[in-house]
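The sequence shown begins at 918 in this note's numbering and counts up one residue at a time.
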Amino acid sequence: MVLPTYKEAANLPELVTEIRDALAGHSYEIIVVDDDSPDRTWEVAEHLGPPVRSIRRRTERGLSSAVIEGFHHAKGEYLVVMDADGQHDPRLIPRMIDALKGGVTVAVGSRYIEGGSVEGWIEARHFASRVATTFARLVTEVQIEDPMSGFFALRNETFHLIVPRLRPTGFKILLEVLSWLPHGSTVFEVPLIFRKRRKGESKLSWRVELQYFKQVIRLFFNFNRRASLRSRGLPTVTPPLFHEKNLHTSGATSGDLRGAKVGGKQRVLFVLIGLVVAAFLIPRAWSLRLLYLDAALRARVPAEVQRIAEANGWLLSGVSLRSVEKDRMSFVHRAHYRGEDPEECFTVQYGSSDLQPCAD
918 MVLPTYKEAA NLPELVTEIR DALAGHSYEI IVVDDDSPDR TWEVAEHLGP
968 PVRSIRRRTE RGLSSAVIEG FHHAKGEYLV VMDADGQHDP RLIPRMIDAL
1018 KGGVTVAVGS RYIEGGSVEG WIEARHFASR VATTFARLVT EVQIEDPMSG
1068 FFALRNETFH LIVPRLRPTG FKILLEVLSW LPHGSTVFEV PLIFRKRRKG
1118 ESKLSWRVEL QYFKQVIRLF FNFNRRASLR SRGLPTVTPP LFHEKNLHTS
1168 GATSGDLRGA KVGGKQRVLF VLIGLVVAAF LIPRAWSLRL LYLDAALRAR
1218 VPAEVQRIAE ANGWLLSGVS LRSVEKDRMS FVHRAHYRGE DPEECFTVQY
1268 GSSDLQPCAD
C-alpha cells in the first residue's frame, strides 16, 4: 500500500485503521510518502507503527513522483495506491488483489461504472470531471471509464517493466501507467463510491487543472511514438483466465499497435484543447511580455524572485510571476508546489522587501 500525502495528519490514523480492518489476515505494508508536510504528516505515520513505513521527502515534490518512489520501496508482489484523505474505500482492496491474482494487469477503483458514484459534488464539478475524463480516454489504448482514478493496483513486475518510460509529473499517474501498458494488458474496474473528504482541504486548483491538460496534450502528441516503443520494447501479455464485466483489454498482439495512428476526430478535439489552453496562456504571456522584450529585466526579475523567496523562507517552486513592469512585479505565492494551499498575490518594487497585496 502506497499513500502519497501532504497535510493529511488529521486523516491518516483513521485511514490506516480502515486498511488494517480491510486486510486482516493478509500480509502487507503501508508506505506513507510525505512531501514534508507542515502538519508533520510524516511524523504521525512514524508513530502509527508497523506495518506503516514513513518516507519524508524534503526536496522533491509532486503526487506522481511520490507514488513512484513508494513503489520503488515496496517489497510486495502487488502494489496498491490510494488517496490519504479518506475518499477511497479500503474495503475494495481485496477484490482488486483477487483480480490481479486472476491475471488482470491493473485493477482500478472506478467512479463511473455501474455501482460507482461520487458523494457531495456539485453539477459543475461532475461536468468538469467528465470533460477531463473524455480527453484522458483519447490518449490511452485501453478504454476504461475512469482513467483519472487515484485508486488502483498492479503487480510489482508490471511497474518495473514500464517505470523507465513513466514521467512522474502531474497528479494523474494512472494515466501514464495506462499509456505504457504492454499489448494484451487487461484493466478491471471495481465500482467505487468516492466519499466526501473527511478533514482538510481539497488539492484541486487551477494549476493542477492546467498541469493535467499539459500532461494529456503531451501524451496525445506522443501517441504514435508510444505505440512504436510499446510494440518494440514491451512484451505481449497473455490474456487472463478472468472473465467479468468491466474488464478491458488493449491490443491483442504486439503488431496490432505498430501502425496505430491518431485519427482526424482526435486531432480536432485536441485543437479545441489547444484553444482552451491558449485562452489561459495568452493573457499570462502578455502580462509577462517585458521579460521577453527587456534584457535587463530578464536578468533582474529572477534575482528578485530568489531574493524575496529566501527572505521569506519560501521554495522558489512556490512563487509564480503574475505580471512584470519596469519598476515592480506581481507574483502569486503558494506554500507548496502541488498547489494545495490558498494562493496569496503580492506586488513589490524591485529592491524592496515591502510586499503589498495585489489590488485585484
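Virtual Cβ for every residue (Gly too), placed ideally from N, Cα, C.
Candidates the options, of which the one nearest residue i by Cα
| i | options | result |
| --- | --- | --- |
| residue 972 | 1273, 964, 1240, 987 | 987 |
| residue 1260 | 1270, 1274, 985 | 1274 |
| residue 1032 | 1110, 1049, 1020, 1052 | 1110 |
| residue 967 | 1020, 981, 933, 1243 | 933 |
| residue 921 | 1078, 939, 949, 931 | 949 |
| residue 977 | 1229, 951, 1277 | 951 |
| residue 1015 | 996, 1030, 1005 | 996 |
| residue 954 | 924, 975, 936 | 924 |
| residue 1249 | 1236, 1064, 1062 | 1236 |
| residue 1211 | 1231, 929, 1241 | 1241 |
| residue 1215 | 1059, 1244, 1094 | 1244 |
| residue 1272 | 969, 1233, 1222 | 1222 |
| residue 1099 | 979, 1077, 965 | 1077 |
| residue 919 | 989, 1262, 928 | 989 |
| residue 944 | 994, 1062, 1029 | 994 |
| residue 1239 | 1224, 1276, 1213 | 1276 |
| residue 979 | 965, 991, 1207, 1084 | 1084 |
| residue 1046 | 1115, 1060, 1057, 1064 | 1064 |
7 angstroms CB neighbourhood of residue i in its chain, flanking five on each side removed
| i | result |
| --- | --- |
| residue 1270 | 1228 |
| residue 1022 | 1071, 1075, 1098, 1102, 1103, 1104, 1154 |
| residue 969 | 933, 947, 949, 962 |
| residue 1108 | 1027, 1030, 1031, 1032, 1033 |
| residue 1024 | 1013, 1016, 1017, 1069, 1070, 1105, 1107 |
| residue 1264 | 1245, 1247, 1273, 1275 |
| residue 939 | 1007, 1008, 1010, 1011 |
Cβ shell of residue i (< 8 angstroms), same chain only, five flanking positions each side left out
| i | result |
| --- | --- |
| residue 1217 | 1267 |
| residue 975 | 953 |
| residue 1005 | 999, 1026, 1067, 1068, 1109, 1111, 1112 |
| residue 930 | 961, 965 |
| residue 1073 | 988, 991, 993, 994, 995, 996 |
Where residue i falls: helix, strand or coil (DSSP)
| i | result |
| --- | --- |
| residue 1093 | helix |
| residue 1251 | coil |
| residue 929 | helix |
| residue 1068 | coil |
| residue 1106 | strand |
| residue 1171 | For residue 1171, the pLDDT reaches just 31, beneath the cut-off of 50, and the residue's location in the model is therefore unreliable, although a value from the coordinates is still provided. In this structure, residue 1171 counts as coil in the three-state DSSP scheme. |
| residue 1099 | coil |
| residue 1237 | strand |
| residue 1245 | strand |
| residue 1272 | coil |
| residue 1205 | coil |
| residue 1335 | The structure shown does not extend to residue 1335, since the chain is modelled only from 918 through 1277, so no value can be given for it. |
| residue 1062 | coil |
| residue 1221 | helix |
| residue 1227 | helix |
| residue 1261 | strand |
| residue 1078 | helix |
| residue 920 | strand |
| residue 996 | strand |
Test: residue i CB closer than 9 angstroms to a CB of chain B
| i | result |
| --- | --- |
| residue 963 | Among the chains of the structure shown, chain B does not appear; only one protein chain is present. |
Own chain partners of residue i with C-beta closer than 6 angstroms, once the 5 adjacent residues on each side are dropped
| i | result |
| --- | --- |
| residue 1230 | none |
| residue 1097 | 1079, 1082 |
| residue 1226 | 1233, 1236 |
| residue 1090 | 981, 984 |
| residue 1115 | 928, 1003 |
Do the stretch 987-1000 and the stretch 1060-1074 make contact, defined as three or more Cβ pairs closer than 8 angstroms?
Touching, yes, given that three or more Cβ pairs across the two stretches are closer than 8 angstroms.
Between the stretch 1005-1025 and the stretch 958-965, do at least 3 Cβ pairs fall closer than 8 angstroms?
Contact between the stretch 1005-1025 and the stretch 958-965 is not established, with fewer than three Cβ pairs separated by less than 8 angstroms.
Entirely enclosed beta strand (DSSP E) segments - the stretch 1009-1060, minimum 3 residues:
1023-1027
4 or more residues per run - each alpha helix (DSSP H) lying fully within the stretch 932-987
958-965
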